[in-house]
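K.L.:
The following block contains the structure, expressed as structure tokens.
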Amino acid sequence: MGKRIISRARGKGGPRYRVPSHRFKGVPEYNFSRENTIGVVTEIVHDPIRNTPLMLVEFPDKTKKYHIAPEGVKVGDIINYWEGLKPSSVVPLSETQEGTKIFGIETYPGSGPKLCRSSGSFAIVTGFTQKKVKIKLSSGKTKELDKKCLATIGIPAGAGRKEKPFVKAGTKHYLRKARGKLYPIVSGTAMNPVDHPFGGKTKPGISKAVSRNAPPGRKVGSIAPRRMGKKKK
55 MGKRIISRAR
65 GKGGPRYRVP
75 SHRFKGVPEY
85 NFSRENTIGV
95 VTEIVHDPIR
105 NTPLMLVEFP
115 DKTKKYHIAP
125 EGVKVGDIIN
135 YWEGLKPSSV
145 VPLSETQEGT
155 KIFGIETYPG
165 SGPKLCRSSG
175 SFAIVTGFTQ
185 KKVKIKLSSG
195 KTKELDKKCL
205 ATIGIPAGAG
215 RKEKPFVKAG
225 TKHYLRKARG
235 KLYPIVSGTA
245 MNPVDHPFGG
255 KTKPGISKAV
265 SRNAPPGRKV
275 GSIAPRRMGK
285 KKK
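Counting from 1, position 98 in the sequence shown corresponds to residue 152 in the working numbering; the numbering is continuous, with no gaps.
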């Protein structure tokens, strides 16, 4: 008797597919009080669930907030709010200039940082309209956002993390395990017919189109496709 295919096992859940419990450092958020125009970086920490380090910012009213750390920031640095184009400053998009690199961008005023939060990702301010600011994301997509949306000047720290090779499979294993990801992943065509519908020598040997009402163990490939095969000219 075969075993559950991966897609079915993941749906059922279990210890193998459960993310290990982490003590989260905190959720990145901005301070919206107009009275706080500066903050001091008191600590830079690693959060297990994200690639970018976080910095703990303390404000004059003794409140503390976690921010995504930009490149070059250190403990003791001053974080400016509401004005200034110094790296790590948190300002409305209306205060930026064309060509400014920004990250931790709000999607609407008060939403908190939502866009460009991973290490090395940033957007560039490309233009202004009467009520909106145009930005270009690292994917090449452009967006128009409210001028009141806050963003951090600079680039998130940790941009070179992908340059270091894993070298050993064990290193990749521990990375994936920390994120609750299955590793290694075996393709269905490499399995035996008893373990996967695509298994065996014929690879996959059957049509990849499958009904939307198929049972879980059969539901692999192209699910309820409108058409299959190469288009005829």
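Don't be surprised by glycine CBs; every beta carbon is placed ideally from N, CA and C.
These figures come from a predicted structure and were not determined experimentally.
If you run the structure through DSSP and keep just helix, strand and coil, what is E198?
P.N.:
It is a strand residue.
K.L.:
Rounded to the nearest angstrom, what separates T154 and I178 at their Cα positions?
P.N.:
Rounded to the nearest angstrom, the two C-alpha atoms are 6 angstroms apart.
K.L.:
Would the stretch 160–172 count as touching the stretch 200–217 if we require 3 or more Cβ pairs under 8 angstroms?
P.N.:
At 8 angstroms Cβ cutoff, the stretches touch.
K.L.:
Pull up the distance between the alpha-carbon of L110 and that of S143, whole angstroms please.
P.N.:
Cα-Cα distance, rounded: 14 angstroms.
K.L.:
List the whole-angstrom C-beta distance separating V81 from I133, where the pair is believed to meet the contact cut-off of C-beta under 8 angstroms.
P.N.:
In fact, because the Cβ distance is near 17 angstroms, the residues do not count as touching under 8 angstroms.
K.L.:
Per DSSP, F182 forms a beta bridge with which residues?
P.N.:
Looking at the DSSP assignment, F182 forms a beta bridge with V187.
K.L.:
With which residues is V111 paired in a DSSP beta bridge?
P.N.:
DSSP lists V95, K119 as partners of V111.
K.L.:
Could you give the first and the last residue of the continuous alpha helix (DSSP H) run that contains P225?
P.N.:
Note on residue identity: the sequence assigns Thr, not Pro, to residue 225. Start and end: 223–232.
K.L.:
From V248 to R58, what does the alpha carbon distance come to, in whole angstroms?
P.N.:
Whole-angstrom Cα-Cα distance: 10 angstroms.
K.L.:
Go ahead and label P251 buried or exposed: buried means 16 or more other beta carbons lie within 10 angstroms of its beta carbon, across all protein chains shown.
P.N.:
Buried.
K.L.:
Using a Cβ distance threshold of 8 angstroms, determine whether the stretch 86–106 contacts the stretch 114–121, with at least three qualifying pairs required.
P.N.:
Yes, since at least three Cβ pairs between the stretch 86–106 and the stretch 114–121 fall closer than 8 angstroms, the two stretches touch.
K.L.:
Quick one: grab the DSSP three-state call for I156.
P.N.:
Here I156 sits in strand by DSSP.
K.L.:
In three-state terms, what does DSSP make of A244?
P.N.:
Reduced to three states, the DSSP call for A244 is helix.
K.L.:
Within the continuous beta strand (DSSP E) that includes I239, where are the two ends?
P.N.:
Premise fails: I239 is in no beta strand (DSSP E) and is neither H nor E.
K.L.:
For G214, which of N85, V145, P107, K285 has the nearest alpha-carbon?
P.N.:
That would be P107, whose Cα lies nearest to the Cα of G214.
K.L.:
P124 bridges to which residues according to DSSP?
P.N.:
P210, per the DSSP bridge assignment.
K.L.:
Does the distance from the C-beta atom of S192 to that of S175 stay below 8 angstroms?
P.N.:
Contact flag set, yes.
K.L.:
Leaving out five residues before and five after R272 in sequence, what residues of the same chain have Cβ atoms less than 8 angstroms from its Cβ?
P.N.:
Same-chain partners within the cutoff: P251, V264.
K.L.:
Can you name the residues that DSSP bridges to I277?
P.N.:
According to DSSP, which records beta bridges pairwise, I277 is partnered with V264.
K.L.:
When we look at the beta-carbon of I156 and count the other beta-carbons within 10 Å, is it buried (16 or more) or exposed?
P.N.:
Classification of I156: buried, given that the 10 Å Cβ count is 16 or more.
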